């Protein structure tokens with residue numbers, strides 16, 4: 220049985236933390252991080268807002284990400300071994316792929332592959348504060364959050380909702396242990412219902 224789980228949502232919403240917790244808790248589980256598919260900095264356009272357009276789908280090599288997902292689909296055991304995941308003897312037929320990222324539900328070829336889709340949200344002020352405490356390879360330019368990051372998050376969330384993508388919303392302000400327990404129980408129920 221193969222299960223692909225999306226963990227999407229806003230920047231600094233807790234996606235990576237949740238994905239890492241699920242990765243440690245689920246059998247035969249691999250993770251693909253959308254951030255690993257950013258195009259080189261010199262290929263990122265500057266928008267009308269004056270900022271490098273990191274928070275748009277065009278900043279990502281989504282075809283490469285889709286190709287990676289297809290590699291997992293074609294042979295999850297081989298993919299797991301190549302990524303240092305040992306197949307657990309108690310669950311040899313269960314394979315789980317976690318996709319984690321901020322624009323997971325905006326790329327149509329991936330949308331229909333998910334078995335479960337989670338979307339983490341946090342209020343504006345909390346998101347802005349969390350972002351200000353992070354250090355990025357390419358540092359945030361002054362005004363980037365309000366001038367680009369937050370507006371792009373709102374735009375893509377509206378588009379996701381308008382296109383009818385079915386997601387389970389998770390409150391990113393909850394304690395991480397509670398979020399992990401909530402998602403883990405839901406995924407385990409999905410596995411039981413499929414088995």
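Numbering (the working numbering), first residue to last: 220 to 414. Glycine included, each C-beta is placed from N, C-alpha and C at the ideal position. Predicted, not measured: the structure shown is a model, and the values here were computed from it.
Quick one: what does DSSP say residue i is sitting in, helix, strand or coil?
i	result
residue 338	strand
residue 319	strand
residue 263	coil
residue 366	helix
residue 257	strand
Out of the options, which one is the CA nearest neighbour of residue i?
i	options	result
residue 367	267, 254 and 251	267
residue 379	284, 315, 276 and 223	276
residue 327	316, 258, 375 and 355	375
residue 416	298, 270, 281 and 316	Within the shown structure, residues of the chain are numbered from 220 to 414, placing residue 416 beyond reach of any answer.
residue 360	274, 270, 248 and 302	270
residue 259	357, 402 and 396	357
Is the beta carbon of residue i sitting closer than 8 angstroms to the one on residue j?
i	j	result
residue 329	residue 288	yes
residue 340	residue 227	no
residue 389	residue 321	no
residue 222	residue 293	no
residue 256	residue 220	no
residue 264	residue 272	yes
Assuming residue i and residue j make a contact with CB atoms under 8 angstroms, what is their CB distance in whole Å?
i	j	result
residue 353	residue 231	6 angstroms
residue 324	residue 387	At roughly 12 angstroms, the Cβ-Cβ gap does not stay under 8 angstroms, so residue 324 and residue 387 are not in contact.
Along the alpha helix (DSSP H) that carries residue i, what are the first and last residues, could you check?
i	result
residue 240	234-244
residue 387	Run containing residue 387: none in the alpha helix (DSSP H); it sits in the beta strand (DSSP E), 387-390.
residue 297	295-301
residue 376	369-381
residue 330	327-330
For the beta strand (DSSP E) holding residue i, just list the boundary residues, first then last.
i	result
residue 222	221-228
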